[in-house]
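Protein chains in written order, with this note's numbering: chain A, 7 to 608; chain B, 28 to 381.
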Amino acid sequence: MIKEKTTVIRWRELVNLSLLFGGGLLYVAVIGMVVTFSGRTMIQGVAGSVVTIGGGLLFPIPDVPGLTVGRLLMFAIPTVLGLAVVYRDIVPRNLTTAVVGGTAAGALATVWLGLLVIIETALLAADLSLRAVFVNVSPNLMDMLLYGQDLFAGLMLLLATNVGLAILGASFLIIPTRPRRALGYALLLTLFVGLFGEIFTQILRPWLGNSGIRVLFRSGALTTTGIAIVFASGLLIGWFGKQTRERQKTWVDSLPREQQTRVRWAQVIFSVLLLLVLPWIIGTFLSEVATTVGIYIMMALGLNIAIGLAGLLDLGYVTNFAVGAYVMAVLTSTPPDGSGYGLSFWVVLPLCLLAAMTMGFLFALPVLRMRGDYLAIATLGFGEIIRILAISDWLSPLLGGAQGVLYVPKPELLGFTFGGPQTLYYIILVGVLFVLYCVWRLNNSRAGRQWMAIREDEDVAEAMGINLVRTKVLAFTLSAAAGGLAGGIFAAKLGTVFPQSFNVFVSINVLSIIIVGGMGSIPGIIVGGIFLVGMPEVLREFAEYRMLLYGALLVVMMLQRPEGIIPSAIRQRELKAHREDDSPPTGPDEAHLGRSGTSITT
Amino acid sequence: MTEFLERFSWVSLFLWVFRIVVILLIVVGTWNSLSSGKYTSEQLFSLTTAGLTQGSIYALIALGYTLVYGILLMINFAHGEVFMAGAFTASFLATWMATQGWLVSNPFISIIVLLLFAAGISTVVAVLLERVAYRPLRNAPRLVPLITAIGASFFLQYTFRGFYGSGFRSYPDVPVLSQNNFFLFGFRIPAAQVFVMGSAFFLMFGLYLLVEKTKIGRAMRAVSEDKEVAKLMGIDIDRVIVITFMLGGALAGAAGVINGLYRPQGVGYTMGLIPGIKAFTAAVLGGIGNVPGAMIGGLILGVVEALGPNLVLDGLGIPGSNQLKDAIAFTMLVVILIFRPQGILGEKLAEKKA
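And the structure:
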């Protein structure tokens with residue numbers, strides 16, 4: 007399907023796409039993202055303000071403090087729109103059309119926001135406000151949208167910014183490849199460093215000293231010097247990066263085989279060493295984040311057995327997490343009145359696994375004969391049952407009811423206490439590596455192949471002599487084990503266990519990691535875990551929109567890239583085959599669509 | 028006999044033990060509470076009517092699941108959010124109506140306007156959902172639209188949280204409903220319950236007529252029977268599917284207002300999840316894909332949920348039994364899946380592994 011290169015602007019598509027992106031702008035504004043995210047400044051001072059006023063207009067307004075994440079969000083949308091119209095060949099790739107197309111796109115994308123601003127201003131004049139219904143249409147938002155100006159001037163600024171950015175975005179693809187890559191790298195790197203400015207400040211402080219840091223960052227945002235340095239290094243990386251990598255690769259390839267393996271070993275040893283010293287490089291706060299990420303990666307790897315390998319959509323994965331956590335908490339808790347069992351962490355940890363596996367086994371039996379989508383909702387129900395039971399008065403003598411279980415001691419080994427996040431990190435690292443090893447081995451085992459077979463086609467798998475119930479129960483049980491392990495470590499890490507922390511969001515969180523990373527893909531899950539769990543922890547403002555982001559990601563990934571960001575080879579082949587096959591459906595599930603399934607019988 | 032023993036694997040053994048335990052627990056619990064004489068017949072009657080009332084709300088939502096399932100063989104997981112969208116949005120209109128005094132002066136017209144408004148909002152959400160999240164995936168492997176549906180569900184929840192805030196609202200008081208009572212065999216039934224059951228019955232009857240007697244209803248039945256053949260007969264499948272989503276959405280939106288007028292508290296962005304799962308339970312109970320089944324399933328679920336904690340759990344000596352009310356519905360889902368996965372009126376579907 008090669009589209010012919012256009013020579014004229016396809017106006018209808020341009021209008022549709024621009025209005026859609028404009029809708030996106032309106033959405034992020036009304037939903038409150040813009041204002042919430044404007045709490046974090048990325049680029050300080052005048053430089054930030056210049057960027058903020060941005061796009062086509064290069065005059066600084068003094069009361070704009072700098073480029074905030076909220077602003078960036080508002081800028082990103084018209085810029086991406088500009089890129090998209092050229093990328094999709096809606097606008098031909100030359101300067102005149104890019105300017106014309108960009109202008110039109112930017113202007114059209116402003117329509118909805120413009121309406122919002124005008125309506126709200128009119129309502130305010132009549133002593134009313136949209137805020138009575140839409141809580142986030144606040145005076146703050148109006149100030150941001152109108153750049154603190156009155157209606158007309160503000161609207162013009164808004165329009166000019168959007169148009170300017172859309173033109174910039176549209177012209178970007180016209181730049182020749184190499185400088186474009188360099189520029190792209192530089193921009194992304196600057197934004198990245200600006201976004202995670204606080205983190206960079208923390209990491210770099212021991213190396214650069216307080217005065218050195220102050221040159222680059224001020225209160226977590228890049229200074230003008232900082233921008234210059236980061237941008238320049240981005241340019242260099244972008245300009246030379248690809249060549250250097252290629253040269254390295256040809257160098258390694260040219261080596262004799264023995265030395266190649268040696269290079270690979272060196273890489274492995276280096277990464278292991280890096281993992282080992284990581285908590286001491288990144289500091290306490292990031293270690294804390296890393297432990298949380300690790301716990302989620304453990305769970306995601308476990309759930310991946312059920313979803314990614316065996317194709318069983320389990321929405322109650324939090325159950326296993328909760329079982330592990332409660333077993334750990336109840337058995338190791340040492341309240342001051344001496345009522346707890348007070349067992350050792352290391353004794354209880356295998357019990358957490360066992361308990362979760364038993365639970366997974368018992369749940370699996372009744373529901374596994376069901377259809378896949380029944381399974382999803384039944385497991386979701388299980389998750390809720392567990393939470394309700396944990397809160398209830400009935401089990402509170404054992405589980406502590408709504409107060410949860412307190413006084414869970416930190417793990418100890420030979421007199422050494424894993425007290426802080428920097429030491430707990432090692433326990434979690436070992437846990438993750440253990441699960442990783444098991445999953446990796448399972449992937450290529452007989453059971454792994456059986457799971458993949460039933461995921462593809464249950465009927466055929468059964469005909470090949472695979473015992474469906476046994477295989478599914480095995481998948482469910484093993485998948486539960488990882489959840490139990492994660493739960494046990496979680497309880498010890500936190501020191502207390504509350505029933506409210508085991509809600510459906512944990513399950514959805516883990517599911518998102520798998521979907522975004524790629525079903526059945528181990529590297530994908532690790533990367534997905536780091537991004538989806540790490541980012542909201544580091545950027546606190548995101549936490550509020552975390553579930554929104556996950557929900558959107560699940561939809562977008564399924565629509566655009568069902569195989570995930572780092573797809574597993576097999577999975578990718580299947581999904582591609584499904585997509586490109588336009589002929590009448592042949593799979594068992596699709597075939598069923600055609601036959602008489604259920605009907606609306608009255 | 029040997030054949031029987033061979034087929035009697037350990038899985039079925041486990042399931043049989045489970046079945047017997049469930050029945051024993053229910054019988055013992057009920058017997059204990061009834062023989063202890065803790066509940067007067069008046070209390071039991073009011074619990075039952077409350078259950079039927081709640082059940083008719085479940086039934087209205089369950090119809091959305093069942094209609095879509097009948098046609099697409101897909102669980103529209105985000106249907107609970109469609110219900111929430113209507114209920115949440117209409118609460119603003121209701122509050123405004125209350126400040127204008129319409130709920131006192133013209134209660135019935137106001138309620139009808141509210142119902143239509145919420146149904147409209149929910150219809151829009153349902154149609155958008157179909158257009159954006161489900162239509163492009165109609166031929167994808169089955170897990171894919173299900174995951175999209177879950178994503179869409181959370182996306183909608185948090186979108187409405189962003190729109191209207193994270194606080195909980197409540198519907199205004201409608202004196203006609205809250206202050207009147209009806210009497211049946213000497214037992215009292217609050218007017219609100221009569222209103223809920225009456226309007227639910229009315230809506231369901233309308234849906235029944237639509238599916239059975241109209242041209243579009245016939246098209247829907249044809250599509251659910253066999254898509255390919257229906258297409259050959261000149262039925263526009265896309266149109267039928269959109270109309271199905273519209274119907275489901277409208278019923279869910281109306282259910283949102285009915286629910287709000289009956290139980291005014293707790294209108295917020297999370298209000299859709301639990302009723303959604305419960306309505307799904309009701310749909311499965313009645314036999315998913317089956318319209319009368321969803322109605323019956325909803326009513327039964329409502330009654331079981333109302334009577335269960337007091338009758339069974341109390342009888343078993345479990346304290347704080349009303350806290351476990353939600354758990355009852357979910358346990359029931361599992362129990363149905365074990366006892367009769369095809370539901371009360373459903374065809375044998377589980378065996379087909381559709």
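Cβ coordinates follow ideal geometry from the N, Cα and C atoms, glycine included.
{"Item": "Cutoff 6 Å; reference A:L337; Cβ partners in own chain excluding five residues on either side", "Value": "Y347, L349, V354"}
{"Item": "C-beta neighbour in chain A for B:S180, strict 8 Å", "Value": "yes"}
{"Item": "Local conformation of A:L419 per DSSP, three classes", "Value": "strand"}
{"Item": "Member of A:I521, A:M553, A:L439 whose CA lies at the smallest distance from the CA of A:I572", "Value": "A:I521"}
{"Item": "Residue interval of the beta strand (DSSP E) (run including B:R215)", "Value": "214 to 217"}
{"Item": "Rounded separation between B:E108 and B:Q184 - CA only", "Value": "6 Å"}
{"Item": "B:A176 versus B:A167: straight-line alpha-carbon distance, rounded", "Value": "13 Å"}
{"Item": "Residue interval of the beta strand (DSSP E) (run including B:N166)", "Value": "B:N166 -> no beta strand (DSSP E), and no H or E assigned at all."}
{"Item": "Which listed residue (B:F72, B:A160, B:V223, B:V201) has its alpha carbon closest to that of A:A558", "Value": "B:A160"}
{"Item": "As assigned by DSSP and simplified to three states, the class of B:M224", "Value": "helix"}
{"Item": "Assigned secondary structure, B:R46 (DSSP; H/G/I helix, E/B strand, else coil)", "Value": "helix"}
{"Item": "Length at least 4, wholly inside the segment 531 to 583 of chain A: the alpha helix (DSSP H) runs in chain order", "Value": "541 to 544, 546 to 549, 552 to 566"}
{"Item": "Whole-Å CB distance - A:L474 paired with A:I460, under 8 Å assumed", "Value": "6 Å"}
{"Item": "CA nearest to the CA of B:L334, picked from B:A117, B:A77, B:S205", "Value": "B:A77"}
{"Item": "Residue of B:P217, B:L328, B:E69, B:V54 minimising C-alpha distance to B:L16", "Value": "Given that chain B is displayed from residue 28 to residue 381, the structure contains no residue 16 of chain B and the question cannot be resolved."}
{"Item": "Rounded separation between A:Q265 and A:A296 - CA only", "Value": "34 Å"}
{"Item": "Any chain A beta carbon closer than 8 Å to B:G295", "Value": "no"}
{"Item": "Where A:D320 falls, given that 16 or more other Cβ within 10 Å makes a residue buried", "Value": "buried"}
{"Item": "Run of the alpha helix (DSSP H) containing B:L2, from where it starts to where it stops", "Value": "Because residue 2 of chain B is not part of the residues shown, which for chain B are 28 to 381, the question remains open."}
{"Item": "Collapsed DSSP secondary structure at A:T502 in the structure displayed", "Value": "coil"}
{"Item": "Extent of the continuous beta strand (DSSP E) to which B:F209 belongs", "Value": "208 to 211"}
{"Item": "Simplified DSSP assignment, three categories, for A:T116", "Value": "coil"}
{"Item": "Sub-8 Å separation of B:V331 and B:I363 beta-carbons", "Value": "no"}
{"Item": "Cβ-Cβ separation, A:V445 to A:I528 (assumed contact under 8 Å), whole Å", "Value": "6 Å"}
{"Item": "A:T47 - DSSP class collapsed to helix/strand/coil", "Value": "strand"}
{"Item": "Host alpha helix (DSSP H) of A:E204 (start-end)", "Value": "203 to 222"}
{"Item": "Chain B within 8 Å of A:V21, Cβ atoms only", "Value": "no"}
{"Item": "Proximal residues of chain B, C-beta to C-beta of A:M553 below 9 Å", "Value": "F181, F182, Q184, Y185, R188"}
{"Item": "One or two residues paired with B:R196 in a DSSP bridge", "Value": "B:V294"}
{"Item": "Per DSSP, the bridge partner or partners of A:T74", "Value": "A:T47"}
{"Item": "Contacts that B:Y191 makes with chain A (C-beta to C-beta distance below 8 Å)", "Value": "V139, F140, V141"}
{"Item": "Length of the line joining the Cα atoms of A:G523 and A:A487", "Value": "21 Å"}
{"Item": "Contacts around A:R211, its chain only, beta-carbon distance under 8 Å, and the 5 residues preceding and following it disregarded", "Value": "I219"}
{"Item": "A:G540 versus A:V21, A:M162, A:I303, residue with shortest Cα-Cα distance", "Value": "A:I303"}
{"Item": "Beta-carbon gap between B:F104 and B:S180 smaller than 8 Å", "Value": "yes"}
{"Item": "Sheet register partners of B:V256 (DSSP bridge)", "Value": "Answer is none; B:V256 lacks a bridge partner."}
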